[in-house]
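Worksheet: the structure to be examined is printed underneath.
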Amino acid sequence: MGKAKVKRASTSIDMTAMCDVSFLLLSFFVMTSTAKQPEAFPVDTPASTTKDKLPDSNVGIITIGDKGKVFFGATDRDVRVKTLEKMSSRYGVQFSQQDYDQFALMENVGTPMKAIKQVLAMEPSKRLEPGVQNGIPVDSTEALSNELYQWVQTARLAAAELNKEKESNRDFVDPGPLKIAIKADGAEKYPSINAVIETLRNQKQNKFSFITGLRAEDK
Amino acid sequence: MAELNQDSGKGGKGGKVRSKKNGGKVDLTAMVDLAFLLITFFMLTTSLNKPQAMDVAMPDKDKTEKKEEVLTADNRSVTVLLGSDNKVSWYYGQINAPIEGPTVAGFGADGIRKVLIEKKAYVPRVSGGKDVIVIIRPSDMSTQKDLVDILDEMKIVDIKRYMIAKISPEEIDVLKRDNIYND
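As you go down the protein sequences, you meet chains A and B in turn. Once you know that position 50 of the first sequence is 49 in numbering that gives the first Met the number 0, the rest is easy, because the numbers rise by one and skip nothing. Once you know that position 104 of the second sequence is 103 in numbering that gives the first Met the number 0, the rest is easy, because the numbers rise by one and skip nothing.
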């Protein structure tokens, strides 16, 4: 009798199911991801055990870092454009349509109103070079010299106006007034933080958030 | 396994040599490789770790009156002065006549948290059931990290009443004396 030959199983594996699953996951990640933007002005925020997340939209973020440099930006593009329109009339600086388009793409701005036109005319990568943007002027007054005061106020007005315009839309959900968050570097000294807090308090923006990183429950 | 090319050509009419049918099976290995590479890429670039927002509420500012001091009962108020080098100084009562302190402490479980937990239990007993008030006074030498840390302690210890207030010159002297007012 001849030996019964053991039939060798094929070594190739059917990849169809694996392929299906991996592409399903891939499409999930493609659709849900919002690409991480390179931060315009990176700061190292301190950690806290707070679990509340910062909302994605309807927030005005004040960034403080690098020995008291202050940057301001809104999360929504339409609010940014409207804010700049209002700032332009307050400070008497005219902007072209191109400037507005550029500004809509800028995450935040950290320069006095006088110099903002030059910054908008620059290449986006050049704007972030050290020494180009040295912070928005902040002081303890409510006058035009306290430019942060004007930025925050105009942004809040802009957000409120845009909400009013959208009110007639059928599926409109009121996001409420613009929230203000302070994103400060952990090593930043208190006087520069205090100047910003007092600026907010002067316009009765008594509630705000500190942006922090995540820390484990206990150290 | 779905093998489509099993036909070995047996029993064909007239013994014609049939060309073997091929193409029923595609090697998907490379495709899977690519798909996983892309998944990895998208997973890493997605900002999954959204930053946390710690809500702070300040009292309404009275612009007409210069006086910013809020009077609190002596036996209810614990004042925490934020100094430099991640150190705080705390006292119970008033700065001119403190019931306890001022004492230097650090952050974390063995530092100011222990004090706060103790005072949170102690104050209602001496003040007729009223809870403790913590006043946070950051000095010019303290950092944002100190401020966030102490606010975090308020959350951890679950202190309902606390406020951030301005530091007085006497309190700065206390920090200087304890050598935690360094630039």
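Note that CB positions come from ideal geometry on N, CA and C, so glycine has one too.
Worksheet item: Does any C-beta atom of chain A lie closer than 8 Å to the C-beta of residue 77(B)?
Response: no
Worksheet item: What is the rounded straight-line gap between the Cα of residue 69(A) and the Cα of residue 135(A)?
Response: Approximately 5 Å, taken between the alpha carbons.
Item to complete: Compare the C-beta of residue 168(B) with all C-beta atoms of chain A and state if any pair is closer than 8 Å.
Response: no
Fill in: Three-state class that DSSP yields for residue 121(B) in the structure shown
helix
Worksheet item: Span of the beta strand (DSSP E) holding residue 34(B)?
Response: Residue 34(B) -> not in any beta strand (DSSP E); alpha helix (DSSP H) instead, spanning 28-44.
Fill in: Inter-residue Cα distance where the pair is residue 85(B) and residue 184(A)
15 Å
Discussion item. Please state the DSSP three-state secondary structure of residue 176(B).
Written reply: helix
Discussion item. Under DSSP, the beta strand (DSSP E) around residue 51(B) begins and ends at which residues?
Written reply: 51-56
Worksheet item: Considering residue 197(A), what are the terminal residues of the beta strand (DSSP E) in which it resides?
Response: Taken as a continuous stretch (DSSP letters only), residue 197(A) belongs to no beta strand (DSSP E), being part of the alpha helix (DSSP H) at 189-201.
Practice prompt. Using three-state DSSP, classify residue 68(A) as helix, strand or coil.
Written response: Residue 68(A) falls in the strand class under three-state DSSP.
Discussion item. Using beta carbons (cut-off 8 Å, strictly below), is residue 192(A) in contact with chain B?
Written reply: yes
Worksheet item: Comparing the C-beta of residue 102(B) with each C-beta of chain A, is any distance below 8 Å?
Response: Output row for residue 102(B): interface = no.
Worksheet item: Among 44(A), 129(A) and 49(A), which has the Cα closest to the Cα of residue 143(B)?
Response: 44(A)
Worksheet item: Can you tell which of 111(B), 170(B), 172(B) and 140(B) has its C-alpha closest to the C-alpha of residue 188(A)?
Response: 140(B)
Worksheet entry | Contact check, residue 147(B) vs residue 53(B), beta carbons under 8 Å | yes
Practice prompt. Would you mind giving the Cβ-Cβ distance between residue 87(B) and residue 111(B), rounded to the nearest angstrom? I have them listed as a contact below 8 Å.
Written response: 6 Å
Discussion item. Is there a Cβ of chain A sitting closer than 8 Å to that of residue 27(B), yes or no?
Written reply: Judged by the 8 Å Cβ criterion, residue 27(B) is in contact with chain A.
Worksheet item: So the alpha helix (DSSP H) residue 77(B) belongs to, where does it begin and stop?
Response: Not the alpha helix (DSSP H): residue 77(B) falls in the beta strand (DSSP E), residues 76-81.
Fill in: According to DSSP, residues forming a beta bridge with residue 162(B)
134(B)
Worksheet item: Hey, is residue 140(B)'s beta-carbon within less than 8 Å of any beta-carbon in chain A?
Response: Cβ-Cβ to chain A under 8 Å: yes for residue 140(B).
Discussion item. I'd like to know whether the C-beta atoms of residue 149(A) and residue 89(A) end up nearer to each other than 8 Å.
Written reply: yes
Item to complete: Classify residue 191(A) as buried or exposed, calling it buried when 16 or more other Cβ atoms lie within 10 Å of its own Cβ.
Response: buried
Practice prompt. Reducing DSSP to helix, strand and coil, say where residue 58(A) ends up.
Written response: strand
Practice prompt. State the Cα-Cα distance for the pair residue 101(B) and residue 95(A), rounded to the nearest angstrom.
Written response: 59 Å
Worksheet item: Any idea if residue 12(A) is buried or exposed, counting beta-carbon neighbours within 10 angstroms, 16 or more meaning buried?
Response: exposed
Worksheet item: Interface residues of chain A around residue 173(B) at Cβ under 8 Å?
Response: Simply none; closest approach about 17 Å.
Discussion item. Residues of the segment 31-55 of chain B in Cβ contact with chain A at a cutoff of 8 Å, in chain order, please.
Written reply: 31, 34, 35, 37, 38, 41, 42, 44, 45, 46, 48, 49, 50, 51, 52, 53, 54 and 55
Discussion item. Determine whether the beta carbon atoms of residue 180(A) and residue 58(A) lie at a separation below 8 Å.
Written reply: yes
Discussion item. Quick check on residue 151(B) - is its C-beta less than 8 Å from some C-beta in chain A?
Written reply: yes
Item to complete: Would you list the one or two residues that DSSP bridges to residue 89(B)?
Response: 79(B) and 102(B), per the DSSP bridge assignment.
Worksheet item: Is the Cβ of residue 147(B) closer than 8 Å to any Cβ of chain A?
Response: yes
Discussion item. Are the CB atoms of residue 55(B) and residue 209(A) within a distance shorter than 8 Å?
Written reply: yes
Practice prompt. Whole angstroms is fine: what's the gap from residue 173(A)'s alpha carbon to residue 167(A)'s?
Written response: 11 Å
Discussion item. Suppose the cutoff is 8 Å on Cβ atoms and the five residues either side in sequence are ignored; what does the same chain contact list for residue 49(A) look like?
Written reply: 211, listed in sequence order.
Worksheet item: Should residue 41(A) be flagged as near chain B, meaning a C-beta pair shorter than 8 Å?
Response: no
Worksheet item: Which first and last residues belong to the alpha helix (DSSP H) in which residue 179(A) is found?
Response: Segment 178-183 is the beta strand (DSSP E) holding residue 179(A); no alpha helix (DSSP H) there.
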